[in-house]
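Okay, structure first, notes after.
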Amino acid sequence: MATFQTLPGFREFYPEDLARRNHLFRLWRQTANTFGFAEYDAPVLEPLDLYKAKSGDEIENQLFSFTDKGGREVALRPEMTPTVCRLVGAKANALKRPIKWFSIAEFYRYERMQKGRGRCFFQFNADIFGEPGPEAEIELIALLVQCLCAFGLTDQDFYVRLSDRNLWFYYLEALGLDEARTRGVLGAIDRYEKYGDDAFKGYTETFGPLAPELKTAILDFLQIKSLPALEAKLQTLGGEKLAGRLADWRKLLGALDAMGLARFVEVDLGVVRGLAYYTGFVFEAFDRKGELRALAGGGRYDDLVQKLGGPALPAVGFAIGDMTFALLLEQRGLMPTFVQAPDVYCVIGGEAERQAAFGDIHALRAAGYRVDYPMKELAFGKQFKAATESGAKLALIYGGDELAKGVVKIRDLNQRNEVEVPRAQVAAHVRDFFSGS
RNA sequence: GCGGUCAUAGCUCAGUUGGUUAGAGCACAAGAUUGUGGAUCUUGGGGUCGCGGGUUCGAGUCCCGUUGGCCGCCCCA
């Protein structure tokens, strides 16, 4: 039993685990590139104030934070958004618009671990800065969908719930609520799906009972599940702000439809996201069966860059976490098993043969082929077994007979046939084999 | 932070009302096997029974504590 254990909630990646992780990263990166997003990275350790400024002191409970040797209050990053806002804010005027950036990075949160949640996890983050209209949301939701579809997931496996915090703000304003009450109601809406009427308890305790006609109006709004229903509702209210939001909704859903992605997206005003900094459209991706926690989440945060010391700069972004996503892929049988197989395995008779083999082994490796060989002398039978188990397609046989004749026997491990090739032509033969297959 | 549950070999697990030196399968390694395939047989390495204390002639087994895993709640940037 090992004396030292991994810290709770932290993860170790043995080769098979890392292969799966890399698979996620590879396809995410590839997909982001096809959408024209540029990759960036940033420090894991940040000033604690970067997170305090955004969300208040109570966030500190879930931060890995400490005082460094220089007396600075620092924290391991719990998310990317503040960091990327700082990066973009610092050079905002020099960056070509639109700014489309993505990253794949590890984050840390000091919380109780659970299925799909640990104290460290990876996220794919994508953000667009400098675009105030729904064009940014169009691009990001399309990217989000493709980041999941790239793995073979379909609209049978997941969907994106789309909502709008500004719509709620304007709607509740039209109903006569002030800002504090509006936030209280949004909190209740966030919990309504889970708790039903109990979700309004917190609001009632702070502001007193909600007038029945107000509650009805709110629950009515919550029932809206389509654009036509939304249009019908808003027409009865009128108002410039709400009309503006409706135009954005039409544009966003129209574009997603034109991309053929409408089947992935559902209008669901019950999504408001707990995060205080969202200002417009918000969206979350879930598995269709509803068994897992959210796969991804994001939205518009037009005020955050400025709040963190940059210029006023509209922004939209989302993140996909690696843990829940990997669970979904495994459930659907879409997580491949990765074998790290060499192209060529060398079967070597003895010490003299080994010396001869080394020259070819190194030359083949330098030419880009994956070549492996047994480190110790082994009986031929064992070596052929090892060659088969390794998954190699070719075996190069360096035996006493071959050495004497100046040849190498090359065996096709799948076809089970072999040819003798002069030593000087081994590299050429291997190249022909792999370029032909 | 709260509640439930579990912890024996690298993995999956047996282990009798508390009783000799804690077992199996898989995996790993060696041999049978000095020139041809995922087989078979034989053998081997590997354990402070999570950790600490208590009860007892005797604890993997019972009791208390603790650490860690899993599940749920809270939270979820």
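In the working numbering, the protein residues as written are 1454 to 1890. From the three backbone atoms N, C-alpha and C, an ideal C-beta is built for every residue, glycine too. No experiment lies behind these values; they were computed from the predicted model shown.
Problem - Selected residue, minimal CA-CA separation from Ile1557, among Thr1657, Met1533 and Cys1538 - result: Checked all of Thr1657, Met1533 and Cys1538; the closest Cα to Ile1557 is Met1533.
Exercise for the section: Look up Ser1518 in the DSSP assignment and say whether it is helix, strand or coil. Expected result: Looking at Ser1518 - three-state DSSP - the assignment turns out to be strand.
Exercise for the section: Could you name the residues of the same chain whose beta carbon sits closer than 6 Å to that of Pro1585, not counting the 5 residues immediately before and after it, in chain order? Expected result: Excluding the 5 residues flanking it on each side, Pro1585 has same chain C-beta neighbours closer than 6 Å at Pro1767, in chain order.
Handout entry: Contact between the region 1764-1778 and the region 1560-1575 (3+ Cβ pairs under 8 Å)
Key = Counting Cβ pairs under 8 Å, three or more are found: they touch.
Problem - Closest residue to Leu1548 among Pro1496, Gly1583 and Leu1706 (Cα-Cα distance) - result: Nearest option by C-alpha distance: Gly1583.
Practice task
Going by DSSP, name the residue or residues bridged to Tyr1612.
Solution key: Bridge partners of Tyr1612: Phe1739.
Problem - CB-CB length for Asp1617 against Arg1530, believed under 8 Å - result: With a Cβ gap of about 28 Å, Asp1617 and Arg1530 do not count as contacting.
Exercise for the section: Might you give, ordered along the chain, the residues of its own chain that have their beta carbon closer than 7 Å to the beta carbon of Ala1700, omitting 5 neighbours on each side? Expected result: Answer for Ala1700: no residue qualifies.
Practice task
Within the same chain, show all residues whose beta-carbon is closer than 6 Å to that of Phe1791, passing over the 5 residues directly before and after it, in chain order.
Solution key: So the list reads Ala1472, once near-sequence residues are dropped.
Exercise for the section: For Phe1674, count neighbouring Cβ atoms within 10 angstroms of its own Cβ and tell me buried if that reaches 16, exposed if not. Expected result: Counting Cβ neighbours within 10 Å, Phe1674 comes out buried, since at least 16 surround it.
Exercise for the section: Report yes if the C-beta distance between Pro1551 and Ile1581 is below 7 Å; otherwise report no. Expected result: Yes, they are a contact pair.
Practice task
Please go through the same chain and pick out, in chain order, the residues whose beta-carbon is closer than 6 Å to the beta-carbon of Gly1853, but skip the five residues on each side of it.
Solution key: If you ignore the 5 residues before and after Gly1853, its C-beta comes within less than 6 Å of the C-beta of Gly1802, all in its own chain and listed in chain order.
Handout entry: Limits of the unbroken beta strand (DSSP E) element including Ser1888
Key = First-last for Ser1888: Val1879 to Gly1889, but that is the alpha helix (DSSP H), not the beta strand (DSSP E).
Practice task
Classify Asp1893 as helix, strand or coil using the three-state DSSP reduction.
Solution key: Outside the shown range of the chain (1454 to 1890) lies residue 1893, about which nothing can therefore be said.
Handout entry: Same chain, Cβ closer than 8 Å to Pro1500, five either side skipped, listed in chain order
Key = Answer for Pro1500: Arg1525, Glu1526, Val1527 and Ala1528, listed in chain order.
Exercise for the section: Mind checking which residues open and close the alpha helix (DSSP H) that includes Lys1835? Expected result: Start and end: Phe1833 to Ser1843.
Problem - Distance, Leu1540 Cα to Leu1748 Cα - result: Leu1748 and Leu1540 have their C-alpha atoms roughly 26 Å apart.
Practice task
Could you tell me which residues DSSP pairs with Asp1580 in its beta bridges?
Solution key: As computed with DSSP, Asp1580 is found in a beta bridge with Trp1554 and Gly1770.
Handout entry: Distance between beta carbons of Ala1840 and Leu1866, contact taken as under 8 Å
Key = Yes, they are in contact, since the Cβ atoms of Leu1866 and Ala1840 sit about 6 Å apart, within 8 Å.
Practice task
Pick out whichever of Pro1827, Ile1677, Phe1604 and Arg1753 has its Cα sitting closest to the Cα of Arg1482.
Solution key: When each option's Cα is compared against that of Arg1482, the closest is Phe1604.
Handout entry: In DSSP terms, what Gly1751 is bridged to
Key = DSSP, once it has assigned bridges, lists Phe1736 and Phe1771 as partnering Gly1751.
Handout entry: Residues bridged to Leu1847 [DSSP beta-bridge criterion]
Key = Val1797 and Asp1865.
Practice task
Put Glu1564 into one of helix, strand or coil per three-state DSSP.
Solution key: In the three-state scheme derived from DSSP, where H, G and I count as helix and E and B as strand, Glu1564 is classed as coil.
Practice task
Would you mind stating whether Tyr1623 and Gly1637 have Cβ atoms separated by less than 7 Å?
Solution key: Taking C-beta atoms as the reference points, Tyr1623 and Gly1637 fail to come closer than 7 Å.
Practice task
Please classify Gly1569: is it buried, with 16 or more other beta-carbons within 10 angstroms of its beta-carbon, or exposed?
Solution key: The residue is buried, with at least 16 neighbouring Cβ atoms inside 10 Å.
Handout entry: Element boundaries [alpha helix (DSSP H), containing Val1497]
Key = Here Val1497 belongs to no alpha helix (DSSP H), and DSSP marks it neither H nor E.
Problem - Cβ separation of Leu1780 and Leu1745, assumed to be a contact under 8 Å, to the nearest whole Å - result: Contact annotation, Leu1780 with Leu1745: C-beta distance approximately 6 Å; criterion of less than 8 Å satisfied.
Exercise for the section: Assign Gly1638 to one of three DSSP states: helix, strand, or coil. Expected result: Note on identity: in this sequence residue 1638 is Val, with Gly being the wrong assignment. In this structure, Val1638 counts as helix in the three-state DSSP scheme.
Exercise for the section: Give the secondary structure of Arg1570 by DSSP, where H, G and I count as helix, E and B as strand, and everything else as coil. Expected result: In the three-state DSSP reduction, Arg1570 falls in the strand class (E or B).
Exercise for the section: Please classify Ala1820: does DSSP put it in a helix, a strand, or coil? Expected result: Coil.
Exercise for the section: Please report how far the alpha carbon of Lys1838 lies from the alpha carbon of Arg1876, in whole angstroms. Expected result: Their Cα atoms are separated by approximately 24 Å.
Practice task
For Ile1850, I'd like the list of residues in its chain whose CB is within less than 7 Å of its CB, leaving aside the five on either flank, ordered along the chain.
Solution key: Only Val1800, Val1861, Lys1862 and Arg1864 meet the Cβ criterion.
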